[in-house]
Amino acid sequence: MNADPPTSAPGVLIGRSALLDDLRPVLDRRPAVVVITGEAGVGKSRLVRELLTRIPPSGAVTLVARCQESVAPFPFAPLVEALSLSRPRQADLTPLTGALRGLLPDLADLLPPAPPPADDPRAERHRVLRALRALTASLGRAVLVVEDLQWADESTCAFLRTVVSDPPPHLGLVLTARSHTAPHTDAEGGDGLPFPLRPPAQVTVAEVHVLPLSMAETGALAAGLLGVRAVPEEFADRLHRWTGGLPYVVEEVLRWPDAAVCSTGTAGMPEPPLPASVRRVVVERLRRLPSDARRVVAAAAVLGDPTPVHLLGAVAGLGERETRSALAAALKEGVVRAAGGTYAFPYELARRATYEAVAEPERPVLHLRAARALTRHTGPLPLVRIAGHYRSAGHHTHAVRCLEAAADRAAAGGDAGTATDRYLDALRGGPSAVVRDRLALKLARVALNARTGPQVPAALRQVLGQHSLGPGPSGEIRLLLGLLLRNQSGSGLEALEEIARAVPDLLAVSTGQAARALSIIAIPSLKGWPIGEHRRLLAEADRLLPRVDEEELRSAVLANRATALALMGDPSAWQAVADLPAAITGEGAARVHANLAGAAIALGHPERARAFQARAWEAVRTNHAPYLEAFVETTDMLAVFTGGRWKGLLERAERAEAQYQDVPDFHAEALLVCGLLRLHTKGQTDVARRLLERAVRTTALDTGIVLTSAAAAAVRIHLAADRPAQAVQAMEGALHQVRRTGAWVWASALAPPAVQALVRDGRDTEAHRLVAELAGGIADRDAPAARAAVLTCRALLGATSGPQAGTGGSDALYAAAADAWAALERPYEAAYVREAWGLRLLAAGAAGGRTVLHEAITAYQDIDAVWDVLRCQRGLREHGQVTVRRPGALGYGDHLSPRERAVARLASLGLSNREIARELVLSHRTVEHHVARALRKLGLSSRTEIGSQLGL
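Throughout, this note's numbering is defined as the position within the sequence shown, counted from one, plus 4.
Laid out in structure tokens, this is it:
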């Protein structure tokens, strides 16, 4: 039986072009011999087929002989099969070929008469060999392919030796053989060839060893077979590990119905089912192995990873000598590969097929041997591997012990993510109650600095539900669970309530832990409790603080206290920061300084924000804590955006958005920055609104940035499109949260556009009330940004209640507001004030309006705020001011420009030119020109045809 995989179906040929380019010229220089080796499934037959298609067909004869694995092969069987299909010309046949009448009955009508039989069998055999060579020569310019030489019978090998040593002048001979390494054709029995290859000097010879595909080539083959442009790198990598880059195995795996879905790169990609054809191939090879080799191969399948000889022998129960002999047999059959002193399967599916071939009762025995052998490993113990073997052997207690030790080791090394995964694995192993409670506490402590999914809170809740914990561990786990919910799961109020429930338990055992819990829930947020409640909780923590003796807990309470005061805009916050103990280092330092940097950004303290952020980066770089790295990165992005340093920030924010989707608040901040930059630097209002809406939905608690900034941007979009009523609606949700919590120090981004919206919607009284609330809410607070916002709002209100536009009083308010924002290093807000100022002057017909508006345009251009520049230019046009376009604009020829495409897309949705002008902040006439140009370039006569032309 032939145990090689069947010839794969014609499909995409990947990674073989160079080989084909090298081999074709060889067959053009006859006589020629081409030897192609490679392991089973690597694509030797496919390569030969492609090679034959590249040979000029004129007058050429192509014969293909395939050797078959057989216990008692028929002499010359593959040659008889191939030559029987030939039709040589009788005139070209020598009398000697008559000796083939008995061997080739299909050609009897063409062959000369048979000579008398020879007396000596050896002479008869020699005559048949010479006759076969003569028949081959009579075919003229022919190509003879003999595949799978590893199974060639002795007579076929003798014929090939004869032909190679004295080839017909016009013959091209192509030989393929299974081989796992490059061929050695200079010795009898060389790898893959059953005879030495020693052609005369005039014969052109090429020897190629076909290697498995690389990871990239495997991905390209998968894309071709699935009919897609490309597959994700993650999928290509996993497919390569499953298949070893063997094209045949790749094709078999991709017959799996879910392959197309998994090729999208989705997380948690399942292992493919083992193809039956792959199983058959592997099992046939195993059957050819001697008993000891099968034992060693079974040990390798159980161990999985590349393994040295001594470990394979220990699991197989063999000595070193027997193990090496067994490995030699397995290597010869291609069951395993050698690499750097270790042995492993050529691909993961081969290992799986071998493992499945191990008898079910035998597997636990081998796993137990593997676990015990690995515990004698020198150097750091592979604890996770050992745990897996103990688990498969049914020794669950030992498995849990190893997983806990692995988690402890990771935690001690600062790898919170790995430690979290290992503690979770241990909890899933069904530990005893005592061990379970200990693991839960360790898990809760380490998970804070990892970026975890919902499985950690679920595991902690399950342990809490067992009611086996004492007050101390129960309170601490509940506290840490609340922190996880607060920081990572998006459960804002639920998190605060969970921590509050922990306080009574903690008070019973540890004043320090109780004070820490109180100080945590004292930190305010827009989705949390009213500021007054947070102040009360902070006072409770302050009351307990003198009784806290533990330095670590005292430091934590003081850090949280400083954070809470800073976020509230309390003037005493900076003294609290100065009083922080030097003992706060490492992860604690990264956390508190990132919190303080965020507070300083929101309040309007740029110098303090830079100092805090620098210390946060310094701390996080010395500690591998993914959660804190994400914390510091998103805080830094907010600082960069607020400071108007927008170049390259969108790409950075988009990377963060993709990377931090498992931590809601960080994800929300990345979405916010993406949305704001898409709006201001690209003018993509629809995209921006979607991103900002996602940010609002995603944020868990929000300490003063996301809700208000997203609402402010939405208000500006509606105002630019002359939709004041919708602008008022867009601000109401965030404004409600500000009023509910009393967190007016965080309203600096929202208040000015909210006042504009109310005024333009004819709600002057509400606008005045909002400004009064804002001013009253920050009266005793240290909030420079909110004070600049008050100045801005009062300047904006001048149009309805203040002095006439253009007078000194109104100008002074605008100038003071612009200067205040500039002093806070907020270039966007400063430009926004100048824009409003300039438009007000132009509307009143006062002098200086054009100049002020051009100052705003310059300021916007400095930070690449393209959308805002266009809005200002439209304002100039609406007041009769001509704007001059800068020279050197990019030409797009017959292709739509980005602006033309945006206009065309909105037109295809049924929007009128006036509605498009409002949406994109363009003049009505400009939209008309863009629509006309788009129709001309697309060759259309009606805007109703645009959608189908653009594929919308």
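Cβ atoms here follow ideal geometry from the backbone N, Cα and C, with glycine treated the same way.
To which residues of the same chain is residue i closer than 7 Å at the C-beta, ignoring the five residues directly before and after it?
{"i": "H130", "result": "none"}
{"i": "L828", "result": "G608, P610, P788, A789 and A792"}
{"i": "V636", "result": "A594, A598, A620, W621 and V624"}
{"i": "A318", "result": "R373 and A377"}
{"i": "A504", "result": "I525"}
{"i": "T346", "result": "P310, T311 and P312"}
Quick one: what does DSSP say residue i is sitting in, helix, strand or coil?
{"i": "I950", "result": "helix"}
{"i": "Y351", "result": "coil"}
{"i": "V232", "result": "coil"}
{"i": "P312", "result": "strand"}
{"i": "R764", "result": "helix"}
{"i": "R505", "result": "helix"}
{"i": "R259", "result": "coil"}
{"i": "R838", "result": "helix"}
{"i": "R405", "result": "helix"}
{"i": "R558", "result": "helix"}
{"i": "R70", "result": "strand"}
{"i": "N6", "result": "At N6 the pLDDT is 39, less than 50, meaning the model places this residue with poor confidence; the figure from the coordinates comes in the next sentence. Coil, per DSSP."}
May I ask you to list the residues that DSSP assigns as paired with residue i?
{"i": "V65", "result": "A146"}
{"i": "G176", "result": "A36 and V147"}
{"i": "G42", "result": "R182"}
{"i": "T160", "result": "Paired residue(s): none; T160 is not in a bridge."}
{"i": "E211", "result": "V39"}
{"i": "A343", "result": "T346"}
What number of angstroms, rounded off, separates the C-alpha of residue i from the C-alpha of residue j?
{"i": "L571", "j": "P458", "result": "28 Å"}
{"i": "A374", "j": "V306", "result": "8 Å"}
{"i": "L372", "j": "L201", "result": "49 Å"}
{"i": "G849", "j": "R838", "result": "16 Å"}
{"i": "P475", "j": "V439", "result": "17 Å"}
{"i": "A543", "j": "A577", "result": "14 Å"}
{"i": "D309", "j": "R432", "result": "24 Å"}
{"i": "T745", "j": "E537", "result": "9 Å"}
{"i": "P171", "j": "G338", "result": "32 Å"}
{"i": "G19", "j": "A598", "result": "50 Å"}
{"i": "E275", "j": "H402", "result": "27 Å"}
{"i": "E192", "j": "W155", "result": "Confidence in E192 is poor, its pLDDT being 42 and thus under 50, which makes the residue's placement too unreliable to answer from."}
{"i": "I782", "j": "E923", "result": "35 Å"}
{"i": "P77", "j": "A423", "result": "60 Å"}
{"i": "A297", "j": "Y351", "result": "18 Å"}
{"i": "D574", "j": "V931", "result": "50 Å"}
{"i": "V719", "j": "M735", "result": "6 Å"}
{"i": "L217", "j": "E255", "result": "13 Å"}
{"i": "N453", "j": "T712", "result": "28 Å"}
{"i": "V596", "j": "N564", "result": "7 Å"}
{"i": "L179", "j": "T66", "result": "13 Å"}
{"i": "A603", "j": "R918", "result": "42 Å"}
{"i": "E326", "j": "A332", "result": "10 Å"}
Please name the residue in the options whose C-alpha comes closest to that of residue i.
{"i": "T208", "options": "P35, R389, T855 and R844", "result": "P35"}
{"i": "H933", "options": "I867, A908 and A758", "result": "A908"}
{"i": "E288", "options": "A44, H244, M219 and L407", "result": "A44"}
{"i": "P668", "options": "Y631, F645, R649 and K651", "result": "Y631"}
{"i": "P92", "options": "G418, R105, S142 and A348", "result": "S142"}
{"i": "A779", "options": "V235, P756 and E255", "result": "P756"}
{"i": "R698", "options": "H381, A715, R328 and L675", "result": "L675"}
{"i": "A613", "options": "A587, T626, A629 and V644", "result": "V644"}
{"i": "L114", "options": "A103, D124 and P120", "result": "A103"}
{"i": "T855", "options": "D866, C876 and W871", "result": "C876"}
{"i": "A672", "options": "T638, E360 and G647", "result": "T638"}
{"i": "L846", "options": "L83, Q885, D784 and R830", "result": "Q885"}
Starting from the C-beta of residue i, find all residues in its chain whose C-beta is less than 6 Å away, skip the five residues before and the five after it, and write them out in chain order.
{"i": "D190", "result": "Any answer about D190 is weak, because its pLDDT of 45 lies below 50 and its placement is not dependable; what the coordinates show is given next. Cβ within range, chain order: n/a, list empty."}
{"i": "S529", "result": "L705, D706 and T707"}
{"i": "A22", "result": "none"}
{"i": "A835", "result": "A860, A863 and Y864"}
{"i": "L510", "result": "G479, Q517, A518 and A521"}
Can you list, in chain order, the residues of its chain whose CB lies under 8 Å from that of residue i, leaving out five sequence neighbours each side?
{"i": "C678", "result": "L654, A657, E658, E661 and L695"}
Shorter than 7 Å, the distance from the beta carbon of residue i to the closest heavy atom of the ligand FAD, or not?
{"i": "G383", "result": "In terms of ligand content, the structure shown is empty, and the ligand FAD therefore cannot be addressed."}
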